[in-house]
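The structure appears below as C-alpha cells.
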Amino acid sequence: MPLDWATVERRYGDGASIPTVAGGKTLQITGVDAEGVHIRNALWRDTLRRADLEKAVALVETDRMSRHAGLFVEEYRTLVADVRATSAAHVLKDLGFLE
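Per the numbering used here, the very first residue in the sequence shown carries number 280; after that it's consecutive.
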C-alpha cells in the first residue's frame, strides 16, 4: 500500500519521539508538512523529503528494496537518496513498512 501522507501528518504532525531501529534511543520528529518529516537531534536538524519517503515505500512494496531495516538503509542510499537513510528507516519502521 502506498504511503498515505494524511496518516503521516496525523501521526507526527504535532511532533513525536519514536524508537530507533537498534532500540534504546529515540528519533525526535518536530513536525510534518507537505514537504516532509522534520527531524532533529542534539547536533542537527533536517527534513526527510516526502518524495523520497514515498519512493522508498513504493520500492519496498514492489520488492525492489528490503523490508529489513538494516538492509534497507544501504539500499535507500543507493536507490533513493544519500541523505539520512537511517532516520528514514526509523520512520518507515514506526509506520509499519519495515521489519
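Virtual Cβ for every residue (Gly too), placed ideally from N, Cα, C.
Subject >> Check whether A368 and V300 have beta carbons under 8 Å apart >> reply: Yes; because the gap between Cβ atoms is below 8 Å, this pair is in contact.
**OP:** List in chain order: all unbroken alpha helix (DSSP H) runs of 4+ residues lying wholly within the segment 324-351.
**Re:** 329-340
Original post:
Rounded C-beta distance between L332 and V316? I'm assuming under 8 Å.
Top reply: 7 Å
Original post:
What three-state label does DSSP hand T309 in the structure shown?
Top reply: strand
**OP:** Return the CA-CA distance between M344 and E314, expressed in angstroms with no decimal places.
**Re:** 23 Å
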